[in-house]
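Engineer:
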Amino acid sequence: MQDISLHLLDIIENSVRAEAKNIKVRVIRNVQKNRLRIIVEDDGVGMDSQTLEMAQNPFYTSKEEREKKVGLGIPLFKQNAEATNGCFKMASEPGFGTVLTVDFQLDHIDRMPLGNLKDTLLGAIVGHPEVDFDINLITREKGLEQSFHFDTAAIKEELGDIPLTYPDVIEYIDQSLYEGIQNTSVEDV
Amino acid sequence: MKTLADLKKIREKAQEEMKLRGGNVRIKIVVGMGTSGIAMGAREVMKTFLEEIANRNLTDVLVTQTGEKGLSSMEPVVDLIEEGKPKVTYGNMTPEKVKKVVVEHIVNGRVVSDYVVATGN
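Residue numbers (the working numbering), protein chains in the order written: chain G, 1 to 189; chain V, 1001 to 1121.
See below:
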């Protein structure tokens, strides 16, 4: 993975596979604390403590149909965070969902760029119309906070039976995310 | 800033169009978005499909994402599913190949056999 938003996309796909109906994504760029924090919270099937432990092992995968039992998504994300003095925490409750919190040291030389957050979120939102996404982007810098909130449930309600892949809707979501990312400057990292 | 009022206008326009041509989905595009697909560029493939749909105003096409399907060496992998036709799976996709598939297969109805890695179920 070349950037943090690709890891984020991988984690979102995990949540979808865990049958999540609601996925909350928070990206918090805190300049004072020199920290970039990503939080993904879902209401999927969750994991027991043993599975949670194993999910961080590269030789474990929940994908039963696989011949090669390798699951690198979570271990690589963890490794990339820890390489920047960051940390990686995953908590889960069977039947309730999973929360993942990943911290990167903002100015660490080994920290990957955040990458194309807009295309990541746009693809996930449109590609999973059955899932509601609640997205918050926050920058804290020089005592000021800038934030952007995007809730797809409200959009779907407004659209009724018009699909998210309708051309004008794609442009609407793309443009909204673009403005939100620009206004909060979370990508300037 | 984009507001929900903009969406209301879009809905009215889309509903008018649907009255004219019916609300049928002609082609479903499924982009493989497992870990290996993502690492090989599936996000850009997905984005290019969405751009082409928006630019060409393709209102009868649906795009979704799915997990891995055991074709890791050919990622990014994309399925095109059309009513009454065998499923076509394209492999080793790039944004350039996506543009060609949109023009040839989705708009003109000709399968791009050079990129096909599997057909049927």
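Positions of the beta carbon are idealized from the N, C-alpha and C atoms, including for glycine.
Fair warning: this is a prediction, and the values are worked out from it, not measured in the lab.
Beta-carbon within less than 6 Å of F191/G's beta-carbon, same chain only, minus the 5 sequence neighbours each way: which residues are those?
Structural biologist: Absent from the model: residue 191/G. The displayed extent of chain G is 1 to 189, so no value can be given.
Engineer: Give the straight-line distance between the Cα atoms of G1067/V and R17/G, rounded to the nearest whole angstrom.
Structural biologist: Answer to the nearest angstrom: the Cα atoms are 8 Å apart.
Engineer: Measuring CB to CB, does T165/G end up less than 8 Å from L1062/V?
Structural biologist: Yes, they are a contact pair.
Engineer: Going by C-alpha to C-alpha distance, which of D174/G, K21/G, M1/G and R26/G sits closest to T1035/V?
Structural biologist: Nearest of D174/G, K21/G, M1/G and R26/G to T1035/V, Cα basis: M1/G.
Engineer: Give, in chain order, every residue of the stretch 108 to 142 of chain G whose Cβ lies closer than 8 Å to some Cβ of chain V.
Structural biologist: Residues passing the 8 Å Cβ filter: N116, D119, T120, L122, G123, A124, V126, G127, H128 and P129.
Engineer: Assuming M1018/V is part of the beta strand (DSSP E), what are its boundary residues?
Structural biologist: First-last for M1018/V: L1004 to R1021, but that is the alpha helix (DSSP H), not the beta strand (DSSP E).
Engineer: Give me whichever residues DSSP pairs with Q2/G in a beta bridge.
Structural biologist: Answer by DSSP bridge pairing: none, since Q2/G is not bridged.
Engineer: For D1114/V, count neighbouring C-beta atoms within 10 Å of its own C-beta (all shown protein chains included) and say buried if the count is 16 or more, exposed if not.
Structural biologist: By the 10 Å Cβ count, D1114/V comes out exposed.
Engineer: Does chain V have any CB closer than 8 Å to the CB of D48/G?
Structural biologist: Output row for D48/G: interface = no.
Engineer: Tell me which same chain residues have a C-beta within less than 6 Å of the C-beta of G73/G, skipping the five on either side of it?
Structural biologist: Excluding sequence neighbours, G73/G sits near D10.
Engineer: With L100/G and I39/G assumed to form a contact (beta carbons below 8 Å), what rounded beta-carbon distance in angstroms separates them?
Structural biologist: 7 Å between Cβ atoms; contact.
Engineer: So which residues of chain V does T165/G contact, with C-beta pairs closer than 8 Å?
Structural biologist: Ordered by position in chain V, the residues that pass the 8 Å Cβ test against T165/G are L1050, I1053, V1061, L1062 and V1063.
Engineer: Counting only beta-carbon separations shorter than 8 Å, does Y172/G have a partner in chain V?
Structural biologist: Yes, contact with chain V.
Engineer: In angstroms with no decimal places, state the Cα-to-Cα distance between T190/G and G97/G.
Structural biologist: No answer is possible for residue 190/G: it lies beyond the span of chain G, which begins at 1 and ends at 189.
Engineer: Flag this pair as yes or no: are the beta carbons of V126/G and I170/G separated by less than 8 Å?
Structural biologist: Yes; because the gap between Cβ atoms is below 8 Å, this pair is in contact.
Engineer: Starting from L191/G, follow the beta strand (DSSP E) in both directions and report where the run begins and ends.
Structural biologist: Given a span of 1 to 189 for chain G in the structure shown, any question on residue 191/G remains unanswerable.
Engineer: Hey, is I38/G's beta-carbon within less than 8 Å of any beta-carbon in chain V?
Structural biologist: By this cut-off, I38/G is not an interface position.
Engineer: Distance cutoff 8 Å, beta carbons only. Does A18/G sit that close to anything in chain V?
Structural biologist: So, not an interface residue.
Engineer: Using three-state DSSP, classify Q1065/V as helix, strand or coil.
Structural biologist: Note: Q1065/V maps to strand in three-state DSSP.
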